[in-house]
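In what follows, a single structure is set out as structure tokens and then discussed.
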């Protein structure tokens, strides 16, 4: 199953002006969704960074390390926050992003690329993960679930997002386009240290989310 999906994803971005080809190398391997099929939570981000592109593991760059450290603090507070511990805690969850390739300059991928990748990734997600709860990071990750949806569903997503900061304490059920299945989205701010507004509060907000989902 993986080889056709990899080929289809590569065909979307190969030669694209936004692709950071240097980060991925000549074989252009995507950072595919990964994690156990029965994982209770899917963590969903915008796109991989340079470290993720080079090693093929999602959420291991600076932002991902911050997220994984918060997971360690919540689930195994006695564990040391080193690389091995961060990788180990990550094995409990499912991880994916809107586009599995790094864009140049850390700029969001165009809507056209996200639109082309979404049905491929949805099928992969549907086949590889059986869970319901998805924690999204940032607006691009959240609104990815509106791609391919009817106007009513997109309007629900926008109305939910426009609630203000209270949205980070609430959740919304959304059907997956083309699939007889729904997920429950739990939005969060992006964990980047550069996100000055939420940098200090991110660990606390994540703990609140995780407590709700226990």
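Numbering (this note's numbering), first residue to last: 33 to 246.
Using N, Cα and C, we set each Cβ at its ideal position, and we do this for glycine too.
Quick caveat, the model's predicted, so the values are computed rather than measured.
Query	Result
In DSSP terms, what residue 129 is bridged to	77
Nearest-angstrom Cα separation, counted from residue 142 out to residue 172	11 Å
C-alpha gap between residue 139 and residue 41, whole angstroms	19 Å
For residue 214, the first and last residue of its enclosing beta strand (DSSP E)	214–220
Residues sharing a beta bridge with residue 66, DSSP	127
Distance between residue 125 and residue 71 (C-alpha atoms, nearest Å)	5 Å
Cα-Cα separation between residue 167 and residue 244, rounded to whole angstroms	12 Å
Whole-number beta carbon distance between residue 99 and residue 91, since they are thought to touch under 8 Å	6 Å
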